[in-house]
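Below is one structure; the comments refer to it alone.
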Amino acid sequence: MFSRIKEDINSVFDRDPAARTVFEVLTNYPGMHAIWGHRLAKFFWQKNFKWLARSISTFVRWLTGVEIHPGATLGKRFFIDHGMGIVIGETAEIGDDCTLYHGVTLGGTSWNAGKRHPTLGNNVVIGAGAKVLGPLNIGENARIGSNAVVVKDVPEGATVVGIPGRVVKDTNGGADPSEEKRAEVAKKYGFDAYAVSTNNPDPVAKAIGRMLDHMHLMDNKVVSLCKEVNELGGNVCDDALPELRVGEFDEDEKAAAKRREHAVESFDPGI
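This note's numbering puts the first residue of the sequence shown at 3, with every later residue one more than the last.
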């Protein structure tokens, strides 16, 4: 028992840079308290003291904000960060070294008895607010983004984002060449997509991605055209295109805000 507690404490230090001392971890980490309460409830659940097990689970939920059904199976070094709002269903199975952030639900989609909650492999990380629904299999080393809603199995090593959840990184960790080109052009023109993938169902991100593709293609064509013209004796493209400053966009927005404010102040409702 004490070895498991020591593992739990070490897992906090391994995955939370905010942890400072053992005493702080023991007294101020509700996710860890919820796991310890679950182990007690699980013991009585397996001894067929169902009501007592559920009562312990409910009491722990009042204390920590984490609801773990006594029938759920938790692996070693399981870490719950922050904890508030986490729900783990009865038939959920969680592997070793998994991490859940606040607001995560490992829920069921059926009222029928039997396996109806997810199974997580080892080293799975699920971001804040994500929902994993149904008897799904989440492969080892998978990553599920914040607020994603996962309703299909996730392969090993994959990263899933969006509603419904979609795989945006393959199991081999390969990068999309078009994504690399877009990132290069975005950096050049002062636009940062903040890691929004084109597979994410965001129409604005998709539109900007297509614009960056077009700009990249046009840049390459202009460079080739200038080279051919210069080889024929012309003299073009000597001057480099001006670089855009990110601050210009902020300055323009502030100027536009002042114009709007002035327009509101000068508006006469009696006109």
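We treat Cβ as the ideally placed atom computed from N, Cα and C, and that holds for glycine.
Small disclaimer: the values here were computed from a predicted structure and weren't measured.
8 Å Cβ cutoff met for residue i and residue j
i: Arg300; j: Pro137; result: No answer is possible for residue 300: it lies beyond the span of the chain, which begins at 3 and ends at 273.
i: Ala74; j: Ala55; result: no
i: Pro120; j: Val68; result: no
i: Val162; j: Gly141; result: no
i: Val152; j: Ala130; result: no
i: Val62; j: Gly39; result: yes
i: Leu76; j: Ile96; result: yes
i: Ala115; j: Pro72; result: no
i: Thr107; j: Val89; result: yes
i: Ile7; j: Val24; result: no
i: Gly159; j: Ala150; result: no
i: Ala21; j: Val27; result: yes
i: Thr101; j: Phe81; result: yes
i: Val274; j: Val225; result: Absent from the model: residue 274. The displayed extent of the chain is 3 to 273, so no value can be given.
i: Leu135; j: Gly109; result: yes
i: Asn143; j: Asp155; result: no
Member of the options whose CA lies at the smallest distance from the CA of residue i
i: Asn124; options: Met86, Val89 and Arg79; result: Arg79
i: Ser112; options: Asn30, Asp83 and Gly91; result: Gly91
i: Glu9; options: His218, Ile37 and His104; result: Ile37
i: Asp18; options: Asp83, Phe4, Pro166 and Ser57; result: Asp83
i: Phe15; options: Ile70, Asp99 and Ser57; result: Asp99
i: Ser13; options: Asn30, Phe4, Thr29 and Met34; result: Met34
i: Cys228; options: Phe51, Phe45 and Asp240; result: Asp240
i: Ile70; options: Lys49, Trp53 and Arg41; result: Arg41
Residue i - DSSP class collapsed to helix/strand/coil
i: Thr275; result: Outside the shown range of the chain, which is 3 to 273, sits residue 275, and nothing can be said about it.
i: Leu138; result: coil
i: Ser199; result: Reliability of the predicted coordinates at Ser199 is poor, the pLDDT of 45 falling under 50, and no value is obtained from them.
i: Val169; result: strand
i: Val152; result: strand
i: Asp194; result: Reliability fails at Asp194, whose pLDDT of 41 lies under 50, so the model's placement of it is uncertain and the value that follows must be treated cautiously. The answer is coil: DSSP assigns Asp194 none of H, G, I, E or B.
i: Asp240; result: coil
i: Lys133; result: strand
i: Leu42; result: helix
i: Leu122; result: strand
i: Pro32; result: helix
i: Asp18; result: coil
i: Phe51; result: coil
i: Leu234; result: coil
i: Ile273; result: Confidence at Ile273 is low in this model, with a pLDDT of 47, below 50, so its placement is unreliable and no value can be given for it.
Bridge partners - residue i, DSSP secondary structure assignment
i: Arg63; result: Looking at the DSSP assignment, Arg63 forms no beta bridge with any residue, so it has no partner.
i: Val162; result: Ile146 and Val169
i: Met127; result: Note that residue 127 is Val in the sequence shown, not Met. Answer is Thr101 and Arg145.
Exercise for the section: Would you list, in sequence order, the uninterrupted beta strand (DSSP E) runs of no fewer than 3 residues that lie entirely inside the stretch 69–120? Expected result: 107–109
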